[in-house]
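Novice: I have a structure here, written as C-alpha cells, and I will follow up with some questions on it.
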Amino acid sequence: MTPLLRRRLPVIAATLLAVFLLVLAKRIGGDTTVALVASSLLMFGCCWASAAHLLGGAAALRLVAIATSVGWLAEQLGSSYGWFFGSYAYTPVLGPALGDVPIVIPLMWFALAYVGYVIANLIVWQDPVDRPASPGHDAIMALLGAMVVTCYDLGVDPYMVYVLKAWIMTEKDGWWFGETVQGFAGWMTVSFAILFAFRRLARVRTAPEDAGAVLPTMRHVFVPLGVYAGLMVFQVLLGYPVEARTIALFAMGFPLLAATIGLLRWQGILARPAADEQAPAVPAEALKEAA
2 MTPLLRRRLP VIAATLLAVF LLVLAKRIGG DTTVALVASS LLMFGCCWAS AAHLLGGAAA
62 LRLVAIATSV GWLAEQLGSS YGWFFGSYAY TPVLGPALGD VPIVIPLMWF ALAYVGYVIA
122 NLIVWQDPVD RPASPGHDAI MALLGAMVVT CYDLGVDPYM VYVLKAWIMT EKDGWWFGET
182 VQGFAGWMTV SFAILFAFRR LARVRTAPED AGAVLPTMRH VFVPLGVYAG LMVFQVLLGY
242 PVEARTIALF AMGFPLLAAT IGLLRWQGIL ARPAADEQAP AVPAEALKEA A
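Residue numbers for the sequence shown follow this note's numbering, so the first one is 2 and each next one is one higher.
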C-alpha cells in the first residue's frame, strides 16, 4: 500500500460511510433490490477502507478473505443442506448469486464481522485494535464479537423474511416471530468462526514509525460505529413486527453505547474520577484481616 493511499484511507472510508447512510435512508422510503445491493456494497467498501487503516492493508485483506469465504461456504451449506441456520432458500431480491448465495451476503459477513471486532475491542480494552494473545483470550473476544453481530440479526431476520422476502424459510413456526432459534445459533457459530480465525491468523496494525502512516483517531473509529448505528436506526424505524423495533434499540444500542464509552476512554475524553484525597486510606493489613 502506497503512503498516499494510506493517508487517503480515512477520507475514503468516511465518504463511503456518508453515502452508505444516505442510501440506507433512501431505503426507508421504499426498499428495492437496487438500493439493497447498493447499500451492501457501500457498507463493504467503507468497512474495508476503515479496516485497512486501523489494521493495516495486509490484515484487512486477510479478514476480507476469511469472512467472505467462510460466510459464503456457511450460507451455501445452509441453503443446500439446512446446516447452521435451518432449511431456507434465497429469492432474487438480493441480486446476483454465486451458487445459491447472493453475492452481497458474504460481503455483509465481512462488514458485520469487522464491526463486531472493533466494538468488542472498545468494550473490553477501550482500544479499537486488539493485540496478539492466547487462544483462550481470542476465543472469548471472538465470542463477544459474535454476540454483537447476532444482536443485529435479532431485528433484521424477521424483516428480511416477512417484509423483503429475501429468503424463504422451510419452518415458519419458530419461537422468534416465526423464526427458529437455530438461525441465531448459526449466526453465532459463523460469526465466531470468522472472528476467531482472524484473531489467530492475522492481526497487524500499521507501525507508527512507518512512513506515510496516519495514526487512528476517534473520527476514524466512527466508521464501524456509524455503520452499526445506521443499521440500528433502520431497524428501529422499519423493524417487523413492531416489537422488533424496541428489541433492536436495546439489543444493538447497548453494545453501541458501551463501545462509544470505550472510544471516549481510549481518547482520554472520559476518565475515571480521581480518588478523594481526603478519604483515609485503608491499610493493607486491615484488608487482610477482614478477609
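Every residue gets a Cβ at the ideal spot worked out from N, C-alpha and C, and that includes glycine.
(1) Within this structure, are the beta carbons of G117 and V149 separated by less than 7 angstroms?
(2) Roughly how many angstroms lie between the CA atoms of T181 and D154, to the nearest whole one?
(3) Out of curiosity, what's the CA-to-CA distance linking Q183 and F86?
(4) In its own chain, which residues sit with a C-beta less than 7 angstroms from the C-beta of I13, not counting the 5 before and 5 after it?
(5) Since I262 contacts L271 with CB under 8 angstroms, what's their CB separation in whole angstroms?
(6) Could you tell me the alpha carbon to alpha carbon distance between A293 and V102, rounded to whole angstroms?
(7) Rounded to whole angstroms, what is the Cα-Cα separation between P1 and I29?
(8) State the CB to CB distance for the pair L43 and V65, rounded to an integer number of angstroms; the pair is presumed to be in contact (CB under 8 angstroms).
(9) Beta strand (DSSP E) containing A90: first to last residue?
(10) How is the alpha helix (DSSP H) around I169 delimited, first residue to last?
(11) Let me know the secondary structure DSSP gives L293 once reduced to three states.
(12) I'd like the list of long-range same chain contacts for A275, defined as Cβ closer than 8 angstroms, with 5 residues on each side in sequence excluded.
(13) Beta-carbon within less than 8 angstroms of V257's beta-carbon, same chain only, minus the 5 sequence neighbours each way: which residues are those?
(14) Per DSSP, which residues does L99 bridge with? Please list them.
(15) So what does W293 bridge to, in DSSP terms?
(16) Between P133, L99, C47, which lies nearest to L113 when the distance is taken from Cα to Cα?
(17) Would you call T218 buried or exposed, if buried means 16 or more other Cβ atoms sit within 10 Å of its Cβ?
(18) Are the stretch 75-95 and the stretch 126-141 in contact at 8 angstroms, needing three or more beta carbon pairs?
(19) Out of F199, M189, V38, which one is the CA nearest neighbour of A60?
(20) Can you list the alpha helix (DSSP H) stretches of 4 or more residues lying completely in the stretch 209-258, in chain order?
(21) In chain order, what residues of the same chain have a beta carbon less than 7 angstroms from the beta carbon of N122, not counting five sequence neighbours either side?
(22) Between W73 and R273, what straight-line distance do the alpha-carbon atoms span, to the nearest angstrom?
(23) Taking the straight line between their C-alpha atoms, what separation do you get for A186 and L17?
(24) DSSP three-state label for Q268, please.
(25) What do you reckon, are the CB atoms on E76 and I106 nearer than 7 angstroms?
Specialist: Looking at the coordinates:
(1) Your numbering for residue 117 matches position 116 in the sequence shown. Your numbering for residue 149 matches position 148 in the sequence shown. Yes, these two residues count as a Cβ contact at 7 angstroms.
(2) One-based indexing of the sequence shown puts residue 181 at position 180. One-based indexing of the sequence shown puts residue 154 at position 153. Spanning the two alpha carbons is a distance of roughly 12 angstroms.
(3) Locating residue 183 in the sequence shown gives position 182, where the first residue counts as 1. Locating residue 86 in the sequence shown gives position 85, where the first residue counts as 1. If I take the Cα positions, the gap works out to 6 angstroms.
(4) Sequence index remark: in the sequence shown, residue 13 carries index 12 (1-based). Contacts found: A50.
(5) Within the sequence shown, residue 262 is the residue found at index 261, counting from 1. Within the sequence shown, residue 271 is the residue found at index 270, counting from 1. Yes, I262 and L271 are in contact; Cβ-Cβ is about 6 angstroms, under 8 angstroms.
(6) A question about residue 293 goes unanswered here, because the residues of the chain that appear run from 2 up to 292.
(7) Outside the shown range of the chain (2 to 292) lies residue 1, about which nothing can therefore be said.
(8) As a first step, residue 43 is located in the sequence shown; it is residue number 42 there, counting from the start. As a first step, residue 65 is located in the sequence shown; it is residue number 64 there, counting from the start. Wrong, their Cβ atoms sit about 15 angstroms apart, outside the cutoff.
(9) In the sequence shown, residue 90 corresponds to position 89, counting from 1. A90 -> beta strand (DSSP E) spans 89-91.
(10) Indexing the sequence shown from 1 puts residue 169 at position 168. Residue range 168-170 is occupied by the beta strand (DSSP E) that includes I169, with no alpha helix (DSSP H) assigned at that position.
(11) Outside the displayed range of the chain (2 to 292) lies residue 293, so it cannot be described from this structure.
(12) For the purposes of this step, residue 275 is identified with residue 274 of the sequence shown, where counting begins at 1. Closer than 8 angstroms at the Cβ level, and outside the excluded window around A275, lies no residue.
(13) As a working note, residue 257 is residue 256 in the sequence shown. Residue identity check: residue 257 is Leu in the sequence provided, not Val. Its chain contains I120, L226, Y229, A230, M233 as the residues whose beta carbon lies nearer than 8 angstroms to that of L257, once the 5 sequence neighbours on both sides are disregarded; these appear in chain order.
(14) By 1-based counting over the sequence shown, the position of residue 99 is 98. The partner list for L99 (beta bridge, DSSP) reads V102.
(15) Residue numbering for the chain in the displayed model covers 2 to 292; residue 293 lies beyond these limits and cannot be assessed.
(16) Numbered from its first residue, the sequence shown carries residue 113 at position 112. Proximity to L113 across P133, L99, C47 peaks at C47, based on C-alpha coordinates.
(17) On the sequence shown, position 217 is the one that residue 218 refers to. Exposed, because fewer than 16 other Cβ atoms sit within 10 Å of the Cβ of T218.
(18) The stretch 75-95 vs the stretch 126-141: no contact.
(19) If you number the sequence shown from 1, residue 60 lands on position 59. Here the closest residue by C-alpha is F199.
(20) Runs found: 219-239.
(21) The residue you call residue 122 lines up with position 121 of the sequence shown. Correct list, in chain order: D128, P129, V130, D131.
(22) Numbered from 1 along the sequence shown, position 72 holds the residue referred to as residue 73. Numbered from 1 along the sequence shown, position 272 holds the residue referred to as residue 273. Near 44 angstroms, if we compare the C-alpha coordinates of R273 and W73.
(23) Start at 1 with the first residue of the sequence shown, and residue 186 comes out as number 185. Start at 1 with the first residue of the sequence shown, and residue 17 comes out as number 16. Between A186 and L17, the C-alpha separation is close to 31 angstroms.
(24) As a position in the sequence shown, residue 268 is number 267, starting the count at 1. Note: Q268 maps to coil in three-state DSSP.
(25) Counting from one through the sequence shown, the residue named residue 76 turns up at place 75. Counting from one through the sequence shown, the residue named residue 106 turns up at place 105. Between E76 and I106, the CB-CB gap stays under 7 angstroms.
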